[in-house]
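Trainee: One structure is given below, represented as structure tokens, and several questions about it will come after.
2 protein chains.
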Amino acid sequence: MSLLLLQNWDISSKVSCPRRRAPTCIAFVSEKTTSHRNYLMQQQISVITLGIADLSRSRRFYVEGFGWSPVFENDEIIFYQMNGLMLGTWLGRALEADMQRTGLARPGAFALAHNVASREEVQAVLDRLSRFGGRILRAGDAPPHGGFRGYVADPDDHAWEIAWNPAWPISPEGFVTFRA
Amino acid sequence: MSLLLLQNWDISSKVSCPRRRAPTCIAFVSEKTTSHRNYLMQQQISVITLGIADLSRSRRFYVEGFGWSPVFENDEIIFYQMNGLMLGTWLGRALEADMQRTGLARPGAFALAHNVASREEVQAVLDRLSRFGGRILRAGDAPPHGGFRGYVADPDDHAWEIAWNPAWPISPEGFVTFRA
Numbered sequence: 255m256s257l258l259l260l261q262n263w264d265i266s267s268k269v270s271c272p273r274r275r276a277p278t279c280i281a282f283v284s285e286k287t288t289s290h291r292n293y294l295m296q297q298q299i300s301v302i303t304l305g306i307a308d309l310s311r312s313r314r315f316y317v318e319g320f321g322w323s324p325v326f327e328n329d330e331i332i333f334y335q336m337n338g339l340m341l342g343t344w345l346g347r348a349l350e351a352d353m354q355r356t357g358l359a360r361p362g363a364f365a366l367a368h369n370v371a372s373r374e375e376v377q378a379v380l381d382r383l384s385r386f387g388g389r390i391l392r393a394g395d396a397p398p399h400g401g402f403r404g405y406v407a408d409p410d411d412h413a414w415e416i417a418w419n420p421a422w423p424i425s426p427e428g429f430v431t432f433r434a
Numbered sequence: 255m256s257l258l259l260l261q262n263w264d265i266s267s268k269v270s271c272p273r274r275r276a277p278t279c280i281a282f283v284s285e286k287t288t289s290h291r292n293y294l295m296q297q298q299i300s301v302i303t304l305g306i307a308d309l310s311r312s313r314r315f316y317v318e319g320f321g322w323s324p325v326f327e328n329d330e331i332i333f334y335q336m337n338g339l340m341l342g343t344w345l346g347r348a349l350e351a352d353m354q355r356t357g358l359a360r361p362g363a364f365a366l367a368h369n370v371a372s373r374e375e376v377q378a379v380l381d382r383l384s385r386f387g388g389r390i391l392r393a394g395d396a397p398p399h400g401g402f403r404g405y406v407a408d409p410d411d412h413a414w415e416i417a418w419n420p421a422w423p424i425s426p427e428g429f430v431t432f433r434a
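Chains A and B, in that order, give the protein sequences. In case it helps, the numbering used here puts the first sequence at residues 255 to 434. In case it helps, the numbering used here puts the second sequence at residues 255 to 434.
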């Protein structure tokens, strides 16, 4: 467990971080007030929010294509409970307003990956998604680092890699673990 | 458990999907060969890959700012083991080559969120990240839907929401669950 330091704050010897599983503990101690707070910085992503143009068009790709079930939906956002985090598909103008930033571009410089359990599933899932509003960017083939993968863009041009990576185990709950 | 159908494939009554926790089961049965395959479509994201311009600049934000530990790094990519999925930061030109697509734009139409355990942590984490190459997009304040949040862009202009959402529990392992 590592202790990190904020500028203008100091670490007090009185501060001890609670023991939990593998977080980084940041001890904030005000130089002025000598009050202190412990924050546990978890290595954790809570939500991925994709800016979209049309809820029903996006919904078709995720619900009918991937076969996923929304856990919440209203007239501007749909949430899906994923493997220890949430996926949100939100109207782009609402995301821009929340972020206080305009001009969000598509396609953005990122990719999401959905790993599957076998090599043969890669192209089958790509083909399936292409029938529900997706567009194949790269048909399934073998990358230099091993395994098998292809890419499909969702209806809002967000890229999904569909990959078989035999080195990285996927638990029955969908939790993915790195192995070298 | 729902059974979904691929075009040009049919569902056989002989096909039964294994029982696991909450996946959608897709039974693929070839009309021509009568061979069949069962695929379990997990509601799962395996990897988030961010296209970046400079590895060491990005590393500073994630390793020194967030305090996260890489699980793998070479001269073009760094992987972080997150809560049941991987975060990858990969040189943008390599991501474009892998995706067979050029012109990936920043800022893209998406946001990642890192939820914290208390309201007061939101601004503290935003301030901390801004000292390690981040740029505040929105200072912490209360959104209409409750809680508290702000936004910070990483050194490659990818948006992170830092949020306190008391409705969504976070387990000690960092797994986030939706609650209405």
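Glycine included, C-beta positions come from ideal geometry on N, C-alpha and C. Just so you know, these numbers come straight off a predicted model, no measurement behind them.
Taking Cβ positions, are residue 340 of chain A and residue 365 of chain B nearer each other than 8 Å?
Mentor: Cβ atoms of residue 340 of chain A and residue 365 of chain B: not closer than 8 Å.
Trainee: Counting along the chain, where does the beta strand (DSSP E) carrying residue 335 of chain A start and finish?
Mentor: Where residue 335 of chain A is concerned, the enclosing beta strand (DSSP E) stretches over 331–335.
Trainee: Measure the beta-carbon distance from residue 372 of chain B to residue 343 of chain B and round it to whole angstroms, keeping in mind my assumption that it falls under 8 Å.
Mentor: Incorrect: roughly 28 Å between the Cβ atoms, too far for contact.
Trainee: Indicate whether at least one CB of chain A lies closer than 8 Å to the CB of residue 347 of chain B.
Mentor: It does not: the Cβ of residue 347 of chain B has no partner Cβ on chain A nearer than 8 Å.
Trainee: So, is the C-beta of residue 428 of chain B closer than 8 Å to a C-beta in chain A?
Mentor: Yes, contact with chain A.
Trainee: Please state whether DSSP places residue 317 of chain B in a helix, a strand or coil.
Mentor: Three-state result, residue 317 of chain B: helix.
Trainee: Under a CB-based cut-off of 8 Å, is residue 296 of chain A close to chain B?
Mentor: Yes, because at least one Cβ of chain B sits closer than 8 Å to the Cβ of residue 296 of chain A.
Trainee: Please list, in chain order, the chain B residues whose beta carbon lies closer than 8 Å to that of residue 420 of chain A.
Mentor: Those within 8 Å of residue 420 of chain A in chain B number zero; the least Cβ separation is about 13 Å.
Trainee: Note down the Cα distance separating residue 287 of chain B from residue 385 of chain A, rounded to an integer number of angstroms.
Mentor: Confidence is the limiting factor: at residue 287 of chain B the pLDDT is only 48, short of 50, which leaves the residue's position unreliable, though a coordinate-based value still follows. Approximately 22 Å between the Cα atoms of the pair.
Trainee: Around the Cβ of residue 303 of chain A, are there at least 16 other Cβ atoms within 10 angstroms (buried) or fewer (exposed)?
Mentor: The residue in question, residue 303 of chain A, is buried, as its Cβ has 16 or more Cβ neighbours within 10 Å.
Trainee: Cα-Cα, which of A:356, A:305, A:314, A:428 is closest to residue 330 of chain A?
Mentor: Per the Cα distances, A:305.
Trainee: Against chain B, with Cβ distances strictly below 8 Å, would residue 314 of chain A count as a contact?
Mentor: With 8 Å as the cut-off, residue 314 of chain A does not count as an interface residue toward chain B.
Trainee: Compute the beta-carbon to beta-carbon distance between residue 408 of chain B and residue 388 of chain B, rounded to the nearest angstrom, for a pair I have assumed lies under 8 Å.
Mentor: Contact holds; Cβ gap of about 6 Å.
Trainee: Buried or exposed for residue 357 of chain B, please, with buried defined as at least 16 other CB atoms from any protein chain shown within 10 angstroms of its CB.
Mentor: When all chains shown are included, residue 357 of chain B counts as exposed.
Trainee: Tell me which residues share the same chain as residue 327 of chain A and place their Cβ nearer than 6 Å to its Cβ, disregarding the 5 neighbours each side in the sequence.
Mentor: So no residue of the chain qualifies.
Trainee: Starting from residue 352 of chain A, find everything on chain B with Cβ-Cβ shorter than 9 Å and list it in chain order.
Mentor: 365, 392, 397, 403, 405, 415, listed in chain order.
Trainee: Does DSSP put residue 411 of chain A in a helix, in a strand, or in coil?
Mentor: Note: residue 411 of chain A maps to coil in three-state DSSP.
Trainee: Which residue from B:415, B:430, B:433 puts its Cα closest to that of residue 378 of chain B?
Mentor: It is B:415.
Trainee: Which residues in the same chain as residue 201 of chain B place their Cβ atom closer than 6 Å to its Cβ, once the five residues preceding and following it in sequence are excluded?
Mentor: Examination of residue 201 of chain B is not possible in this model, given that chain B is present from 255 through 434 alone.
Trainee: Ignoring anything shorter than 3 residues, give me the beta strand (DSSP E) runs that lie fully in the segment 353–392 of chain A, in order along the chain.
Mentor: Within the segment 353–392 of chain A, the complete beta strand (DSSP E) runs of at least 3 residues are 364–369.
Trainee: Could you tell me whether any Cβ in chain C is nearer than 8 Å to the Cβ of residue 300 of chain B?
Mentor: The structure shown contains no chain C; its protein chains are A and B.
Trainee: Return the residue from the list A:307, A:374, A:413, A:382 that minimises the CA-CA distance to residue 420 of chain A.
Mentor: The candidate whose alpha carbon is nearest that of residue 420 of chain A is A:374.
Trainee: Of all the options A:336, A:315, A:423, which has the alpha carbon lying nearest to the alpha carbon of residue 381 of chain A?
Mentor: Nearest option by C-alpha distance: A:315.
Trainee: Checking contacts by CB at 8 Å: is residue 286 of chain B closer than that to chain A?
Mentor: Because residue 286 of chain B carries a pLDDT of 48, less than 50, the predicted location of this residue cannot be relied on, and no value is offered for it.
Trainee: What separation, rounded to the nearest whole angstrom, lies between the Cα atoms of residue 398 of chain A and residue 393 of chain B?
Mentor: Whole-angstrom Cα-Cα distance: 43 Å.
Trainee: Would residue 367 of chain B pass as a contact of residue 301 of chain A if the rule is Cβ separation under 8 Å?
Mentor: Yes, the pair counts as a contact, with Cβ atoms nearer than the cut-off.
Trainee: Which residues share a DSSP beta bridge with residue 403 of chain B?
Mentor: Answer is B:395, B:417, bridged to residue 403 of chain B.
Trainee: Just verifying my parser: in three-state terms, what is the DSSP assignment at residue 327 of chain B?
Mentor: Note: residue 327 of chain B maps to strand in three-state DSSP.
Trainee: Below 7 Å on C-beta distance, what does residue 328 of chain A contact in chain B?
Mentor: Here the premise fails: no neighbours, minimum Cβ distance about 10 Å.
Trainee: Could you name the residues of chain B that residue 376 of chain A contacts, counting a contact when the two beta carbons are closer than 8 Å?
Mentor: The premise fails here: residue 376 of chain A is roughly 11 Å from chain B at the closest Cβ pair, so nothing lies under 8 Å.
Trainee: Taking Cβ-Cβ distances shorter than 9 Å, what residues in chain A pair up with residue 383 of chain B?
Mentor: Neighbours of residue 383 of chain B on chain A: none; closest Cβ ~10 Å, over 9 Å.
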